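Q: Have a look at this one before I ask anything.
Dropping the structure here:
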């Protein structure tokens, strides 16, 4: 056999032309139900993740939320402030993790939700996937995952980034936040394709989508019916959600106005749905032209 013959064929293993890197089995998160939250930039992933974490905590679950975006603002409505990132605290000790204590990178937020911000490398350098991996490794080393019922990864929206893919190595279910418009659904279609590619080698499966900041859900439902996906929650376009973000609070800390009570109930229902288990969905993403024909024209 020639040296050329010994090269393994890797095309298609994780999407055409890419190579899937398998996680170290010792880094597997044991015991907790793990969810990763996706969606296009600005769609409300962090607001959704934080209120979902709060809802799980109201159900008596021990929750850990991990922000996976360089903006590191995933958990600030739970904690009331921007907390130091894992990458920043590692840098402060010259990347000697043994010098860190849990309180250096974990903050307790609303109703006991434990909050971590992975952060990210400087712009144009490094990989967000490395940062997510180091965060999980650090949490394992400090035994922070042993007494946790639910882990939520709030993930940046770029589907070609290692920071997007890394949480899928740990998640049981992926949830997509969308809006009832073409651009959000187009992004959701690409995310579905990316998660489906990862699910060939990881245990992650799609749970469904959340229609966020939307009066109606007709376009989301039309897409879901076409590809075999499912809408599992609907957060209407109410100003209370925007105001809660400005006040650095979850909806569960806001006044008991009618619209806030309604949104809280929907988050509690979503948390119960995810905790009780969802069917592992395997939708068939559409080609670009098909999405335009489905949603772009009358």
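Residue numbers (this note's numbering): 4 to 301. For every residue, glycine included, the Cβ atom is placed at its ideal position computed from N, Cα and C. Note that this is a predicted model, so its numbers are computed, not measured.
Going along the chain, which unbroken runs of the beta strand (DSSP E) with 3 or more residues stay wholly within the stretch 183-264?
A: DSSP runs (the beta strand (DSSP E)) wholly in the stretch 183-264: 208-215, 234-238.
Q: Short check: CB of residue 39 to CB of residue 177, under 7 Å?
A: Yes, Cβ-Cβ distance for residue 39 and residue 177 is below 7 Å.
Q: Since residue 117 is in the beta strand (DSSP E), which residue starts that stretch and which ends it?
A: From DSSP, the beta strand (DSSP E) with residue 117 extends over 117-120.
Q: Straight-line CA distance for residue 48 to residue 209?
A: Distance between the alpha carbons of residue 48 and residue 209 is about 16 Å.
Q: By DSSP's criteria, residue 68 is part of a beta bridge. Which residues make up the other side?
A: DSSP output for residue 68 lists 118, 155 as bridge partner(s).
Q: According to DSSP, which residues form a beta bridge with residue 50?
A: Residue 50 is not bridged to any residue.
Q: Got a sec? Which residues, its chain only, sit under 7 Å from residue 263 by beta carbon, not counting five neighbours each side?
A: For residue 263, where only same-chain residues beyond five positions count, the Cβ hits under 7 Å are 243, 254, 257.
Q: Give the straight-line distance between the Cα atoms of residue 237 and residue 96, rounded to the nearest whole angstrom.
A: Using only the alpha carbons, I get a separation of about 44 Å.
Q: Out of curiosity, what's the CA-to-CA distance linking residue 200 and residue 286?
A: Whole-angstrom Cα-Cα distance: 12 Å.
Q: Return the CA-CA distance between residue 212 and residue 230, expressed in angstroms with no decimal places.
A: Rounded to whole angstroms, residue 212 to residue 230 spans 13 Å at the Cα level.
Q: In the DSSP assignment, the beta strand (DSSP E) including residue 179 goes from what residue to what residue?
A: Counting along the chain, the beta strand (DSSP E) containing residue 179 begins and ends at 176-181.
Q: Taking the alpha-carbon of residue 155 as reference, which of 281, 68, 205 has the nearest alpha-carbon?
A: Of the listed residues, the one whose Cα sits closest to residue 155 is 68.
Q: Residue 175 and residue 66 - do their beta-carbons sit closer together than 7 Å?
A: Going by C-beta atoms, residue 66 is not nearer than 7 Å to residue 175.
Q: Going by DSSP in three states, residue 37 sits in which element: helix, strand or coil?
A: The answer is strand: DSSP assigns residue 37 an E or B state.
Q: Here's a check: name, in chain order, each residue in its chain whose Cβ is nearer than 8 Å to the Cβ of residue 158, leaving out the five neighbours to either side.
A: Same-chain partners within the cutoff: 39, 40, 41, 48, 71, 72, 166, 167, 170.
Q: Please list the terminal residues of the continuous alpha helix (DSSP H) segment that includes residue 32.
A: No alpha helix (DSSP H) contains residue 32, which DSSP labels as neither H nor E.
Q: With distance defined between alpha-carbon atoms, name the residue in 226, 207, 142 nearest to residue 182.
A: Answer by Cα proximity: 226.
Q: Distance, Cα to Cα, residue 252 vs residue 192?
A: Whole-angstrom Cα-Cα distance: 31 Å.
Q: Residues in the same chain with beta-carbon distance under 7 Å from residue 105, minus the five sequence neighbours each way, listed in chain order, please.
A: Here the set comprises 145, 147.
Q: When the Cα of residue 280 is compared with those of 102, 153, 114, which residue comes out closest?
A: With distances taken between Cα atoms, residue 280 lies closest to 153.
Q: Tell me, to the nearest whole angstrom, how far the beta carbon of residue 294 is from that of residue 189; I am working on the premise that it is less than 8 Å.
A: So it is a contact: roughly 6 Å between Cβ atoms.
Q: Is residue 138 helix, strand or coil by DSSP?
A: Helix, per DSSP.
Q: Among residues of its own chain, excluding the 5 on either side of residue 1, which ones have a beta-carbon nearer than 7 Å to its beta-carbon?
A: The structure shown does not extend to residue 1, since the chain is modelled only from 4 to 301, so the question has no answer here.
Q: Give a yes or no on whether the minimum CB-CB distance between residue 265 and chain C is below 7 Å.
A: Reference to chain C is not applicable here, since this structure consists of a single protein chain.
Q: Buried or exposed: residue 93, going by 16 or more other Cβ atoms within 10 Å of its Cβ?
A: Residue 93 should be labelled buried.
Q: Pull up the distance between the alpha-carbon of residue 185 and that of residue 296, whole angstroms please.
A: Whole-angstrom Cα-Cα distance: 11 Å.
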